[in-house]
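Here is the structure we will look at, set down as structure tokens.
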Amino acid sequence: MNKRRWVAVGIFGVIVIGSIIFSVVGSEDKKETSNLTTVQSILYGSNDLAENELEPGEVSKRIVKVTIDGTIADTGESNGLFSSEGYNHAFVLQQLQAIQQDDSIQAVLLEVNSPGGGVYESAELARQIHLIQDQKKALYVSMQSMAASGGYYISASADKIFATDETITGSIGVISSSLNYAGLLEKLGLKEQTYKSGALKDMNAPTKEPSEEEKNVMQDYINSSYERFVDIVATGRNLPKDTVYKLADGRIYDGSQAVKNGLVDAIGYEDQALAALRKDKGLKNAQVFEYGTSSTGFAQTFFGAKLAQWQGLTQSPENRLTKVIESIGTQSAPKPLYMYGGE
0 MNKRRWVAVG IFGVIVIGSI IFSVVGSEDK KETSNLTTVQ SILYGSNDLA
50 ENELEPGEVS KRIVKVTIDG TIADTGESNG LFSSEGYNHA FVLQQLQAIQ
100 QDDSIQAVLL EVNSPGGGVY ESAELARQIH LIQDQKKALY VSMQSMAASG
150 GYYISASADK IFATDETITG SIGVISSSLN YAGLLEKLGL KEQTYKSGAL
200 KDMNAPTKEP SEEEKNVMQD YINSSYERFV DIVATGRNLP KDTVYKLADG
250 RIYDGSQAVK NGLVDAIGYE DQALAALRKD KGLKNAQVFE YGTSSTGFAQ
300 TFFGAKLAQW QGLTQSPENR LTKVIESIGT QSAPKPLYMY GGE
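In terms of numbering that gives the first Met the number 0, the sequence shown is residues 0 to 342.
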């Protein structure tokens, strides 16, 4: 190598070492953080949202595309810069909040491809969507291959919903499931010994059969979440609650069935939904963009990804899987889900 290349290698080495030192000093437990140091920003890029233009047009009246792709669960990732493939709850929330602060955005095209997910996370998204609509910004939904349960929950308030004939939607309802192996323990001659402060403290324990009281408590809890789902659909789709109850028995619908039942407005793909949004809202010449992050080429390399993981800026696949499981519940600690197919 010539002298210039050796100098470049040396500078790069100093940056890497400096980044490691700053990271270790700044974060004792190496937890993921959205506040990158200056050196880390040079290496990887910025956590700030960047705008990627999809279609040129007027910048004073714009349409933004937001994508919900995957199980709606909080994996603990704080931003989109180091997010792995799949759904990133924090990054989607960041986008929805940015839309509320940008007066140039006149409309949102929400692309949904999700079987649903956590009750809390679905409600969190729906709240941000409602705040956008409170600002009189149009919101159209384009359902992809699946927009079921929580995927439908976040879509229900849209000004207009598009789905394809092949889209799986519906599955309106709540589910919570767990594994009970009390019978197996009895056959093995094993018995759990538990001390508890109240009769229901060990409710849902997999080592004993649930009492009638426990079943009633859980069913009441599920029914409460279900009623909120029904209200969301009835209000969003302007349907009588009695009609929604008939539709909301957990069954799925394809796009054409959903149209017939008033759950979807029209059959169409994403480009058709966008064309309708432009026409209906007078945004023929509007710019269309989506949010991303300002990342460097180094951030996308194998070494860059591993260095970020070592610094605690991103998660290993194993940790991410653990976070997903924690978010949607486990067999020993089940959570109610707006989820097609359960867990």
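We treat Cβ as the ideally placed atom computed from N, Cα and C, and that holds for glycine. Just so you know, these numbers come straight off a predicted model, no measurement behind them.
Where does residue i land, buried or exposed, given buried means 16+ other C-beta within 10 angstroms?
| i | result |
| --- | --- |
| Asn87 | buried |
| Pro239 | exposed |
| Thr350 | Only positions 0 to 342 of the chain appear in this structure, which leaves residue 350 out of reach. |
| Ser210 | exposed |
| Pro114 | buried |
| Val263 | buried |
Can you look up residue i in the DSSP assignment and give me helix, strand or coil?
| i | result |
| --- | --- |
| Gly254 | helix |
| Gln143 | strand |
| Gln192 | coil |
| Tyr339 | coil |
| Lys334 | coil |
| Ile266 | strand |
| Tyr180 | coil |
| Val413 | This structure cannot speak to residue 413, because the chain is shown only from 0 to 342. |
| Asp158 | coil |
| Leu199 | coil |
If you draw a straight line from the C-alpha of residue i to the C-alpha of residue j, how long is it?
| i | j | result |
| --- | --- | --- |
| Val229 | Lys334 | 19 Å |
| Ile128 | Ser121 | 11 Å |
| Ala233 | Gly188 | 51 Å |
| Glu265 | Tyr180 | According to the sequence shown, residue 265 is Ala rather than Glu. Going by the C-alpha atoms only, they are around 47 Å apart. |
| Val65 | Gly182 | 48 Å |
| Ser176 | Ala275 | 41 Å |
| Lys283 | Thr70 | 33 Å |
| Tyr337 | Asn260 | 20 Å |
| Ala340 | Ile174 | Correcting the residue type first, residue 340 is Gly in the shown sequence and not Ala. One C-alpha to the other measures close to 9 Å. |
| Ser196 | Met217 | 19 Å |
| Arg277 | Arg61 | 10 Å |
| Glu52 | Phe288 | 4 Å |
Is any heavy atom of the ligand SAM found at a distance shorter than 8 Å from the C-beta of residue i?
| i | result |
| --- | --- |
| Ile231 | Summarising the ligand content, the structure contains no ligands, and the ligand SAM is consequently not present. |
Using a beta-carbon distance below 9 Å, is residue i in contact with chain B?
| i | result |
| --- | --- |
| Pro239 | Among the chains of the structure shown, chain B does not appear; only one protein chain is present. |
Would you check if the stretch 238-245 and the stretch 156-168 touch, i.e. whether three or more CB-CB distances between them fall below 8 Å?
-> no
Examine the Cβ distances between the stretch 133-146 and the stretch 96-111 and report whether three or more of them are shorter than 8 Å.
-> yes
Could you tell me whether the stretch 202-210 touches the stretch 219-227, using the rule of 3 or more Cβ pairs below 8 Å?
-> no
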